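Just remember that our numbering sits 11 ahead of the position in the sequence shown, which is counted from 1. The C-beta atom is built at its ideal place from N, Cα and C for all residues, glycine as well. Please read all numbers here as calculations on a predicted model, not as lab measurements. Have a look at the structure below, then the notes.
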Amino acid sequence: MASTLLENVLLSLLVVFAAFWVAKASDPNILSDFVVPPNSTNIDRNYFTFIGLRGVLFNNNTLPNFKVTKANMAEFPALNGQSVSFAILKYPAGGLNPPHTHPHSAELLFLVEGSLEVGFIDTTNKLYNKTLQVGDMFIFPKGLVHFQYNADGNATATAISAFGSANAGTILIPTNVFTTGIDDTILAKAFKTDVATIQNIKSGLAPKA
């Protein structure tokens with residue numbers, strides 16, 4: 012009974028989040044009720060239904076790494092033009108969502124399990140950080156670098172994020188900086204270190220075989 016009540020509350024909050032972000036949307040307005048994909052002739056209720064998050068929120072199987080399950084325009088085409096999307100974030104014990112940005116939208120995070128250390132850095136290089144508990148919400152302003160970290164070494168954490176864009180975009184800072192071909196010498200000068208250190212960082216970020 013308690014689990015069912017919690018699920019109902021969370022689903023209600025999802026509806027509220029969606030309504031909020033549609034009202035505060037930053038995507039361009041469309042001139043039709045919704046966007047029909049090219050060459051589509053059979054639009055019905057299934058087009059407006061997304062089932063890719065079934066079982067994700069309350070599935071507490073142990074994860075080896077941080078995992079994000081998205082419901083944005085790529086996975087759910089009906090969101091095109093609607094200026095809203097969601098993601099479910101699952102953090103293992105000690106799990107980290109590394110510093111990153113969303114260039115197209117702010118992010119409203121709602122913690123539903125565990126605890127999280129979260130924060131963002133503004134354009135004056137000031138850090139705003141907070142320890143969240145279940146039921147807490149935190150806003151990451153549009154385009155600013157931010158992170159989430161599950162400091163608990165024994166328990167998992169789960170959060171729901173809402174975005175005011177059908178495609179918030181994600182720029183993962185470590186990957187963006189160290190794995191996209193910027194010359195090692197440039198990076199060494201930028202980070203005031205040596206080329207060997209840069210190469211060591213790059214090797215740590217390389218995909219595992």
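As the crow flies, the alpha-carbon of T142 is around 20 Å from that of A98. For the pair G130 and N187, the Cα-to-Cα distance works out to about 19 Å.
Contact annotation: the stretch 52–72 touches the stretch 81–94, with at least three C-beta pairs closer than 8 Å. When the Cα atoms are used, K203 and G215 turn out to be separated by approximately 19 Å.
It is roughly 24 Å from the alpha-carbon of P39 to the alpha-carbon of I171. Sequence-distant partners of F121 (beyond 5 residues in either direction) whose C-beta falls short of 6 Å from its own C-beta, in its chain, are M148 and I171. Separation of L155 and D133 (C-alpha to C-alpha, rounded to the nearest whole angstrom) is 6 Å.
Distance from the CA of F189 to the CA of G106, rounded to the nearest whole angstrom, comes to 21 Å.
When the beta-carbon positions are compared, I212 and T112 stay at least 7 Å from each other.
Ranked by Cα distance from P114, the options L198, S43, I41 and A179 are led by A179.
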